[in-house]
């Protein structure tokens, strides 16, 4: 019996038409088997495992990049700045919230000014887009960053005066960051490619992860976490 | 879903930040190395190709428009980089190396096989293929290129691509089964 050629088997493997092949395959177990072997080999090829790149490749790549790029290792990129600003925003909000609960009702909280922007809302409320533009929001973030430091100092001073420990703000921060995440996602639903909103979301997610990790680490500890 | 982290990394890399580039590299190093290693057939050439691919990618990262995922984009660059090099090599060696003509029809009972040892066998057999065979086989059967696309990339005719593929499959089969004692004349359409 004359068997199918390699070309015919290859064509059949790809689903192409080969004159008389169907009849031949029905009668020839050798060619049927051969076709099956080729099919299995193809599957084996597709399932070959991914390979790990040797570590020295990156070093060589980095050396080939223009000198200007190699020197920019330590530069603080703007997403990092936004991340810090997002933390500041969240912290200002929760400090005001937390202090309001902790202090006597008649005593004004050191940070009782309304906080505009993405986190200017109760954590339990539905997130809403801020009325301000993104440029305004970023400017507000920078202003709030400065207030954050003031608020922290006030809080510590108040705690010292009362002889009490500063309460843990982790839960409040987490709630505030959740609100920030939801607000960012809501905004991104209308403008998915907006880089500033993406940066906000990224920063908030990253910070939220850090807070969750720190909460986990501090469980059972007497040390306060802030 | 948009990978926000990667979007930001790409943006930072566009601004020339080396750390962002390194993070992008670490995310996709395996994918890039795997494809160039499969196409190259040896470790040294694969490392050269991977370096070239990544250097190319970062040099033109500002051209990355985000139409596809960054991983897909850099994978494409890696394939193109490898094929360009293979074509250069082919000019010196002859891409269309012909199959040595030995029969490939073995005893089907010796295959299939499964498991890590068999994958290693397939991997080694792939490395032993002539460059042209290996490139066509990998591009078609794994990367999903059409013969027209392969012809464009390798500078060969569609018919040549088909012929190379059938020979590559037969050769791979022969290498994996290490030639069966039970050889049946398979013939050739040539």
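Protein chains in written order, with the working numbering: chain A, 1 to 226; chain B, 1 to 190.
All C-beta atoms, glycine included, are put in the ideal place defined by N, C-alpha and C.
This structure is a prediction, so every number in the text was calculated from the model and none was measured.
Straight-line Cα distance separating residue j from residue i
{"i": "residue 177 of chain B", "j": "residue 26 of chain B", "result": "37 Å"}
{"i": "residue 7 of chain A", "j": "residue 61 of chain B", "result": "42 Å"}
{"i": "residue 179 of chain B", "j": "residue 171 of chain B", "result": "With a pLDDT of 42 at residue 179 of chain B, under the threshold of 50, the modelled position of that residue is not reliable, and the figure given next carries that caveat. Whole-angstrom Cα-Cα distance: 10 Å."}
{"i": "residue 209 of chain A", "j": "residue 65 of chain B", "result": "29 Å"}
{"i": "residue 30 of chain A", "j": "residue 45 of chain B", "result": "39 Å"}
{"i": "residue 59 of chain A", "j": "residue 15 of chain A", "result": "45 Å"}
{"i": "residue 43 of chain A", "j": "residue 119 of chain B", "result": "10 Å"}
{"i": "residue 8 of chain B", "j": "residue 59 of chain B", "result": "18 Å"}
{"i": "residue 17 of chain B", "j": "residue 45 of chain A", "result": "37 Å"}
{"i": "residue 72 of chain B", "j": "residue 32 of chain B", "result": "10 Å"}
{"i": "residue 22 of chain A", "j": "residue 4 of chain A", "result": "11 Å"}
{"i": "residue 14 of chain B", "j": "residue 166 of chain B", "result": "43 Å"}
{"i": "residue 183 of chain A", "j": "residue 175 of chain A", "result": "12 Å"}
{"i": "residue 154 of chain B", "j": "residue 87 of chain B", "result": "6 Å"}
{"i": "residue 192 of chain A", "j": "residue 67 of chain B", "result": "13 Å"}
{"i": "residue 53 of chain A", "j": "residue 29 of chain B", "result": "6 Å"}
{"i": "residue 121 of chain B", "j": "residue 6 of chain B", "result": "36 Å"}
{"i": "residue 9 of chain A", "j": "residue 69 of chain B", "result": "36 Å"}
{"i": "residue 38 of chain B", "j": "residue 207 of chain A", "result": "40 Å"}
{"i": "residue 163 of chain B", "j": "residue 28 of chain A", "result": "24 Å"}
{"i": "residue 109 of chain A", "j": "residue 180 of chain A", "result": "Model confidence at residue 109 of chain A stands at a pLDDT of 39, short of 50, so the residue's coordinates are unreliable and nothing is read from them."}
{"i": "residue 22 of chain B", "j": "residue 20 of chain A", "result": "56 Å"}
{"i": "residue 149 of chain B", "j": "residue 12 of chain B", "result": "33 Å"}
{"i": "residue 143 of chain B", "j": "residue 216 of chain A", "result": "44 Å"}
{"i": "residue 40 of chain B", "j": "residue 145 of chain B", "result": "17 Å"}
{"i": "residue 202 of chain A", "j": "residue 10 of chain B", "result": "14 Å"}
{"i": "residue 161 of chain B", "j": "residue 133 of chain B", "result": "9 Å"}
{"i": "residue 151 of chain B", "j": "residue 47 of chain B", "result": "25 Å"}
{"i": "residue 204 of chain A", "j": "residue 198 of chain A", "result": "10 Å"}
{"i": "residue 129 of chain B", "j": "residue 24 of chain B", "result": "32 Å"}
{"i": "residue 156 of chain B", "j": "residue 185 of chain A", "result": "49 Å"}
{"i": "residue 55 of chain A", "j": "residue 89 of chain B", "result": "26 Å"}
{"i": "residue 76 of chain B", "j": "residue 63 of chain A", "result": "23 Å"}
Within 7 Å, strictly: CB atoms of residue i and residue j
{"i": "residue 227 of chain A", "j": "residue 51 of chain B", "result": "Residue 227 of chain A is absent from the structure shown; chain A starts at 1 and stops at 226."}
{"i": "residue 53 of chain B", "j": "residue 20 of chain B", "result": "no"}
{"i": "residue 25 of chain A", "j": "residue 32 of chain A", "result": "yes"}
{"i": "residue 18 of chain A", "j": "residue 11 of chain A", "result": "yes"}
{"i": "residue 135 of chain B", "j": "residue 175 of chain B", "result": "no"}
{"i": "residue 81 of chain B", "j": "residue 49 of chain B", "result": "yes"}
{"i": "residue 123 of chain B", "j": "residue 48 of chain A", "result": "yes"}
{"i": "residue 61 of chain A", "j": "residue 55 of chain B", "result": "yes"}
Supposed contact pair residue j and residue i - C-beta distance, whole angstroms, cut 8 Å
{"i": "residue 51 of chain A", "j": "residue 34 of chain B", "result": "5 Å"}
{"i": "residue 74 of chain B", "j": "residue 57 of chain B", "result": "5 Å"}
{"i": "residue 147 of chain B", "j": "residue 158 of chain B", "result": "5 Å"}
{"i": "residue 137 of chain B", "j": "residue 169 of chain B", "result": "7 Å"}
{"i": "residue 42 of chain B", "j": "residue 131 of chain B", "result": "With 8 Å as the limit, residue 42 of chain B and residue 131 of chain B do not qualify as a contact, their Cβ atoms being about 10 Å apart."}
{"i": "residue 35 of chain A", "j": "residue 13 of chain A", "result": "7 Å"}
Assigned secondary structure, residue i (DSSP; H/G/I helix, E/B strand, else coil)
{"i": "residue 128 of chain A", "result": "Residue confidence is low: residue 128 of chain A scores 41 on pLDDT, short of 50, so the model does not pin down where it sits. Its coordinate-derived value is still stated next. Residue 128 of chain A: coil per DSSP, three-state reduction."}
{"i": "residue 145 of chain B", "result": "coil"}
{"i": "residue 1 of chain A", "result": "coil"}
{"i": "residue 65 of chain B", "result": "coil"}
{"i": "residue 192 of chain A", "result": "coil"}
{"i": "residue 18 of chain A", "result": "coil"}
{"i": "residue 128 of chain B", "result": "helix"}
{"i": "residue 29 of chain A", "result": "helix"}
{"i": "residue 192 of chain B", "result": "Outside the displayed range of chain B (1 to 190) lies residue 192 of chain B, so it cannot be described from this structure."}
{"i": "residue 19 of chain B", "result": "helix"}
{"i": "residue 208 of chain A", "result": "helix"}
{"i": "residue 50 of chain A", "result": "coil"}
{"i": "residue 56 of chain A", "result": "helix"}
{"i": "residue 137 of chain B", "result": "helix"}
{"i": "residue 104 of chain B", "result": "Its pLDDT being 39, under 50, residue 104 of chain B is placed unreliably by the model, and the measurement read from it follows with that caveat. Note: residue 104 of chain B maps to coil in three-state DSSP."}
{"i": "residue 42 of chain B", "result": "coil"}
{"i": "residue 111 of chain A", "result": "With a pLDDT of only 41 at residue 111 of chain A, under the threshold of 50, the placement of this residue in the model should not be trusted, and no figure is reported."}
{"i": "residue 65 of chain A", "result": "coil"}
{"i": "residue 118 of chain A", "result": "Its pLDDT being 37, under 50, residue 118 of chain A is placed unreliably in this model, and the value from its coordinates should be taken loosely. Coil at residue 118 of chain A, not helix or strand."}
{"i": "residue 23 of chain A", "result": "helix"}
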